[in-house]
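Enquirer: So the number in my numbering is just where the residue sits in the sequence shown, counting from 1, plus 49. Even for Gly, the Cβ is constructed at its ideal location relative to N, Cα and C.
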Amino acid sequence: MLRVALLGEQVIADDESGAVLTRSPRSVALVAHLVLHAGRAQPRRLLAGLFWPDSTDAQALTNLRRELHQLRRVLGDPPPLTVTGQDLCWRDSPSSRVDVREFAVAHRAALAAGDPGEAVGHARAALAAYRGDLLPGLADDWVLAARAELERQCVELCDLIGRTPSDDPATALAAARRRIALRPLEETGYRTLMGLQAEAGDRAGAVSTYHRCASVLERELGVVPAEPTRAALRRLLARPDPEPRRPAAPGLVGRATELARLGELWRTAAAGRAGLVLVRGDAGVGKTRLVSELAGGARAEGAVVAAGRCFGTPGRLPLAPVADWLRTPAVQKAAASLDPVWRAEVGRLLPAARTAGGGHVAVEAWQRLRFFEGLARALTAGGRPVLLVLDNAQWCDQETGAFLTFCLGLLPDAPLLVAATLRDGDPGPAGAAWTAQLRDDGRLTELPLRPFDAAGTARLGEAVAGRPLSTSDRDLLHAATGGYPLYVVEALRAHDSPPAEGLAAVLRTRLEQPGPAAREIAGLAAAAGRDVTLELLTEASDLDADTVVDAVDELWRRRLVRESGGSYDFTHDLLRETAYQQVSPPRRWLLHRRLAQGLELVHAGDTDAVAAQLAEQHARGGRPDRAVAHYRRAAAVAASTFAHAEAIRLLREALDLVRARPASGNRDRDELAVLEALAGPLNAHQGYSSPELQHTLERSLALAESLGDEEAALTALLELWSSRFVQGRTVQAHEAAERALGLLTPGTSAAQGGSAHFIVAGSSLSLGHDPVEALRHFDLGAERTRGASSWPIGTRPDVHGPAWAAHAHWLLGHEDAAVACGAGAIALARRIDHPYSLAIALAYAGITHQMRRDRRALGTAVAELTALCDRYGFAYYREWALVLGGWVRGGAAGLAAAHEGVANLKAEGAFARMPYWLSLVAELSAPEAARATLDAALAAGEARDDRWWLPEVLRLRAAHDADPVPRLRAAADLARTQGSTALRRRAEADLGARSAS
């Protein structure tokens, strides 16, 4: 059966197999127009003019015929489309399903039904078909009109369900929430939801709905809820009298110049010049308020505006602000039009069912940039200008900063502006790195914000007080507050007159104004360190639910907290800090324990999203064992979104807690578990040559051996080999490989057994041992790991092994076998569609081609390898490409590239194959420099036992000797000892040439 999806996505697919038949925007839009006029013939000339308005009539009709030819193949037989020479007509068919038609039929049935239950049933069916906007991403006039009408009908059905008595409150609640999402500025939906929540006994939810309504209306329209909505709240709170007056939020005062500058930057970005503006200044200077004004203006112009916030306390998931942006309804609607491959990447961050871990971190690390690209495409999918607000960027996590840098580099012409606020004097190390890079790229504009002068302070003071201030009060207000807007606003809310104390005292006074219950809830919210829900506050508090609701409502009315997306947070971070300082240390300990318990209850079905919070709360609440478990889980969740730096931080916290415990077998087992989890992120973030990775693996091995855990010891040895080998510690790497081989048993997994054979082969070949024996182990490694789903050493031996085995074949003089082996590895990497494996195969093939002196084949391999490394960020193999590419290019440019590659490898601590790399540099160098470089290569080979290429280094070095014969004989003898036929032949050929001359 044919499935045509036009609501929330644009696709025509086979309903049974799920195969996509077309996603062509033009084809799907043409079908949509016909579907919207089902049963009514549409003239060809009308359709041609509508879809190709810039073409001549004749060309437009030709384009339509071509499109119809494609559509007939997609729609199958019999097609639901009737085609004549004059017109086209869509007719519903049993062989096709169209979501728009399903919605229309169910909508009509719901309105016509006489029985309330039957009406609700049809309405539910219609809402199930309405999965989003019609043709998301398209903005043609006919699409906009049809989209608005379908949305109106959807709202109509939500209202029908809401007013129909039912035994299924969940359906009514869902319909009310959907109505609010569709029409967020209409109070009717909020009142309906409040009533339904009250009937369901969810008083907290109803109050939160009112707070959300009031916040949206104030932000978007500058008004308070109407009397019917306020009356509904009074009934909820059992208040017969009008609710206490909430202080009005002052409009933006005294920032005309700065706002104009932001407006200029926004217009430039909206015209197609993506960038980031950083509004910076001291705490309380009004950064957030200024950016909020920009956001309001952009939203009024029809732009997509999404807001995210960073927090100064640990516990949030990496990329949390990006997740906040992606949850914005306008972004979600636009992202629905993305191809499935990109929606899958977004699903890593916003999964329907989160699954962390699985697979080897180092293998999956290459997918990070594709993941970032999926997020970037989702944020900009709608075609409208996009404003992303990032508050408190000084606490921005490393991954969010890296994503922003990537996004602005990937989409330089997108209509996108990131407006971030940053508190001066408190830049985190991650923030300094990504802002510096954007500054260097010319994508960052900084807008410093300073306190008000006396006149500006007076204007703000009068706006807050609602009355003129005397000259003396004006002078006193500016002198006391220094012109900081936060100080001015909070001082006048605390005293209704200029303050006599400092800002800290003013904030303490403000927090002392609420009643005892509200003050207690403020302390609990401050201990959470971030936004909290009413549900969590209720679970974590020893107050009853009604008291908690009243307390939060009081804090909200006094503008100490604000509502955002169903959660509450302090209106300024300084208020949170002050509230936490007012809680005694013993009381803090208790609050953290209660919050941990509350989080576990609220998120009992899935604690992954709050694993880092749970770890922090348990650690601060004196429960280190529970904290360690949650730190490990939080690290796995972080690694699943490639946030390896955050995973490392979390596991280091866990490690500190474990090592603080008294020595015991259980402690050692817990330490080993944390260290095993730490190895993957360290490898992905710092590379194989990382000293910290080396120490981690060596400690893991020692613990595994002391505990008698042979499986853990084998895993540690396999990973330790990679670290030691890349560092150039060839003998120590081979020792680890042989120990790993000795631990194999009949019960050892194929992946581990095959990996052990692979590493023995690799280090054996590098030490200059018999290539025949190395080939045997390479073959065993590839055979035993073929088709495995994970690889302990971080690469696939069934690709890596044959690629490296090609070098052994070449050393043995089997040139054809070497080429075939390398080509087979490349073919397998392409077949499994694994870019990291393909990079490995191309890199090793590059060495094979260089040894064969095949410049054309090497040039082709290097070009593809370079493109892969640039696309996916493979730093290690990028350096290989630089050296090999430099050798192909030759001349000054080639020498510079080769020098750069070698220098980068040394900087990374990657000394494996250094004699080989240096020999290539020497071939490009002038005689004196070449002699020195070859001497360095010989020294490196002897010092690191990297001996496989030393016969060739000796041969090249002989060319710079007055009498080359002794060194050439040494080269031939060494090659003979090592079983290297190809290198022996080269040395003997040079000797023969000398004898002939």
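Just to confirm, is the Cβ distance from Leu375 to Leu398 under 8 Å?
Expert: Indexing the sequence shown from 1 puts residue 375 at position 326. Indexing the sequence shown from 1 puts residue 398 at position 349. Going by C-beta atoms, Leu375 is nearer than 8 Å to Leu398.
Enquirer: By Cβ distance below 6 Å, which residues in the same chain neighbour Leu110 in space, the five residues on each side in sequence not counted?
Expert: In the sequence shown, counting from the first residue as 1, residue 110 sits at position 61. Only Ala97 meet the Cβ criterion.
Enquirer: For Gly532, does the count of other Cβ atoms within 10 angstroms reach 16, so buried, or fall short, so exposed?
Expert: On the sequence shown, residue 532 is found 483 positions in, with the first residue counted as 1. By the 10 Å Cβ count, Gly532 comes out buried.
Enquirer: Three-state secondary structure (DSSP) at Ser1029?
Expert: If you number the sequence shown from 1, residue 1029 lands on position 980. Note: Ser1029 maps to coil in three-state DSSP.
Enquirer: If you reduce the DSSP assignment to three classes, tell me which class Ala188 lands in.
Expert: Locating residue 188 in the sequence shown gives position 139, where the first residue counts as 1. Coil.
Enquirer: Within the same chain, show all residues whose beta-carbon is closer than 6 Å to that of Pro1049, passing over the 5 residues directly before and after it, in chain order.
Expert: For the chain, the structure presents residues 50 to 1046; residue 1049 sits outside this window and is missing.
Enquirer: Ends of the beta strand (DSSP E) at Leu325?
Expert: Translated into the one-based positions of the sequence shown, residue 325 becomes position 276. Where Leu325 is concerned, the enclosing beta strand (DSSP E) stretches over Gly324 to Gly330.
Enquirer: Taking the DSSP output, what are the residues bridged to Tyr617?
Expert: In the sequence shown, the residue the question calls residue 617 occupies position 568. Answer is Val581 and Glu612, bridged to Tyr617.
Enquirer: Could you give the residue range of the beta strand (DSSP E) that holds Glu495?
Expert: Your numbering for residue 495 matches position 446 in the sequence shown. Here the beta strand (DSSP E) through Glu495 covers Leu493 to Pro497.
Enquirer: Are Leu266 and Val149 closer than 8 Å when you measure CB to CB?
Expert: One-based indexing of the sequence shown puts residue 266 at position 217. One-based indexing of the sequence shown puts residue 149 at position 100. Contact flag unset, no.
Enquirer: Name the one or two DSSP bridge partners that Pro370 has.
Expert: Taking the first residue of the sequence shown as position 1, residue 370 is located at position 321. Looking at the DSSP assignment, Pro370 forms no beta bridge with any residue, so it has no partner.
Enquirer: Alpha carbon to alpha carbon, how far is Val537 from Ser519? Give it in angstroms, no decimals.
Expert: Within the sequence shown, residue 519 is the residue found at index 470, counting from 1. Within the sequence shown, residue 537 is the residue found at index 488, counting from 1. Distance between the alpha carbons of Ser519 and Val537 is about 15 Å.
Enquirer: So is Ala528 buried or exposed if we call it buried at 16+ other beta carbons inside 10 Å?
Expert: Here residue 528 refers to the residue found at position 479 of the sequence shown. Exposed, since its Cβ has fewer than 16 Cβ neighbours within 10 Å.
Enquirer: In chain order, what residues of the same chain lie with their CB nearer than 7 Å to the CB of Ser386, ignoring the 5 residues before and after it?
Expert: Translated into positions along the sequence shown, residue 386 becomes position 337. In its chain, beyond the 5 residues on either side, Glu58, Gln59, Pro185, Gly186 and Ala430 have a beta carbon closer than 7 Å to the beta carbon of Ser386.
Enquirer: Under a three-way DSSP split, which group does Thr220 fall into?
Expert: The residue given as residue 220 occupies position 171 in the sequence shown. Looking at Thr220 - three-state DSSP - the assignment turns out to be helix.
Enquirer: Quick check on His118: buried or exposed, where buried means 16 or more other Cβ atoms within 10 Å of its Cβ?
Expert: Counted from its first residue, the sequence shown places residue 118 at position 69. With fewer than 16 other Cβ atoms within 10 Å, it is exposed.
Enquirer: If you compare alpha carbons, which of His806, Gly330 and Gly345 is closest to Thr470?
Expert: Position 421 of the sequence shown, counted from the first residue, corresponds to residue 470. Out of His806, Gly330 and Gly345, Gly330 has the C-alpha closest to the C-alpha of Thr470.
Enquirer: Please say whether Gly572 and Leu640 have beta carbons closer to each other than 8 Å?
Expert: Locating residue 640 in the sequence shown gives position 591, where the first residue counts as 1. Locating residue 572 in the sequence shown gives position 523, where the first residue counts as 1. Judged by beta-carbon spacing, Gly572 lies within the 8 Å limit of Leu640, meaning their Cβ atoms are closer than that value.
Enquirer: Locate the beta strand (DSSP E) running through Val435, then write down its first and last residues.
Expert: For this step, residue 435 is matched to residue 386 along the sequence shown. Per DSSP, Val435 belongs to the beta strand (DSSP E) from Val435 to Asp440.
Enquirer: Have a look at Ala161 and Glu200 and give me their C-alpha separation to the nearest angstrom.
Expert: Counted from its first residue, the sequence shown places residue 161 at position 112. Counted from its first residue, the sequence shown places residue 200 at position 151. Rounded to whole angstroms, Ala161 to Glu200 spans 19 Å at the Cα level.
Enquirer: Do you know offhand how far Leu457's Cα is from Val380's?
Expert: Position 408 of the sequence shown, counting from 1, holds the residue named residue 457. Position 331 of the sequence shown, counting from 1, holds the residue named residue 380. Their Cα atoms are separated by approximately 17 Å.
Enquirer: How do the stretch 617-631 and the stretch 670-683 stand: do at least 3 beta-carbon pairs fall below 8 Å, yes or no?
Expert: no
Enquirer: Considering only residues of the same chain and omitting the five flanking positions on each side of Cys918, which have a CB-CB separation below 7 Å?
Expert: Counted from its first residue, the sequence shown places residue 918 at position 869. The residues are Ala888, Tyr926, Arg927 and Ala930.
Enquirer: Less than 8 Å between the C-beta atoms of Ala952 and Trp936, yes or no?
Expert: Translated into the one-based positions of the sequence shown, residue 952 becomes position 903. Translated into the one-based positions of the sequence shown, residue 936 becomes position 887. In this structure, Trp936 does not lie closer than 8 Å to Ala952 by Cβ.
Enquirer: For Met963, count neighbouring Cβ atoms within 10 angstroms of its own Cβ and tell me buried if that reaches 16, exposed if not.
Expert: Numbered from its first residue, the sequence shown carries residue 963 at position 914. Burial call: buried.
Enquirer: Judging by CA-CA distance, which residue of Glu759, Ala503, Glu350 and Ala318 is the nearest neighbour of Pro461?
Expert: Residue mapping note: residue 461 aligns to position 412 of the sequence shown, counting from 1. The shortest C-alpha separation from Pro461 is found at Ala318.
Enquirer: Based on the DSSP secondary-structure assignment, which residues constitute the bridge partners of Gly357?
Expert: As a working mapping, residue 357 is identified with position 308 in the sequence shown. The secondary-structure analysis by DSSP pairs Gly357 across a beta bridge with Leu439.
Enquirer: Measuring alpha carbon to alpha carbon, tell me which of Pro129, Ala1024 and Arg89 ends up nearest Leu820.
Expert: Position 771 of the sequence shown, counted from the first residue, corresponds to residue 820. Note that residue 820 is Pro in the sequence shown, not Leu. Looking at the Cα atoms, Ala1024 is the closest of the given residues.
Enquirer: Thinking just about the alpha-carbon of each residue, which of Arg880, Thr897 and Ala876 is nearest to the one in Ala854?
Expert: Walking along the sequence shown from the start, residue 854 turns up at place 805. Of the candidates Arg880, Thr897 and Ala876, the one whose C-alpha sits nearest the C-alpha of Ala854 is Thr897.
Enquirer: Out of curiosity, what's the CA-to-CA distance linking Asp903 and Arg1034?
Expert: The residue given as residue 903 occupies position 854 in the sequence shown. The residue given as residue 1034 occupies position 985 in the sequence shown. So the two alpha carbons sit approximately 18 Å from each other.
Enquirer: How would you write the range of the beta strand (DSSP E) that Ile61 sits in, first residue to last?
Expert: Position 12 of the sequence shown, counted from the start, is the residue given in the question as residue 61. Val60 to Asp63 is the extent of the beta strand (DSSP E) around Ile61.
Enquirer: Mind reading off the beta-carbon distance from Ser257 to Leu583? Whole number of angstroms is fine, and I expect it under 8 Å.
Expert: In the sequence shown, the residue the question calls residue 257 occupies position 208. In the sequence shown, the residue the question calls residue 583 occupies position 534. Distance from Ser257 to Leu583 at the Cβ level is roughly 6 Å; contact confirmed, criterion being Cβ atoms closer than 8 Å.
Enquirer: According to the Cβ coordinates, are Val272 and Arg232 closer than 8 Å?
Expert: For this step, residue 272 is matched to residue 223 along the sequence shown. For this step, residue 232 is matched to residue 183 along the sequence shown. Against a cut-off of 8 Å, the Cβ pair of Arg232 and Val272 comes out as no contact.
Enquirer: For a test of your reading of the model: does the CB of Arg879 fall under 7 Å from any non-hydrogen atom of the ligand HEM? Yes or no.
Expert: You won't find the ligand HEM in this model; it holds no ligand whatsoever.
Enquirer: Under the DSSP definition of a beta bridge, which residues are partnered with Ser145?
Expert: The residue given as residue 145 occupies position 96 in the sequence shown. According to DSSP, Ser145 bridges with Leu51.
Enquirer: Check each candidate in Leu70, Ala543 and Gln447 and name the one with the smallest Cα separation from Glu695.
Expert: Within the sequence shown, the letter at position 646 stands for residue 695. It is Gln447.
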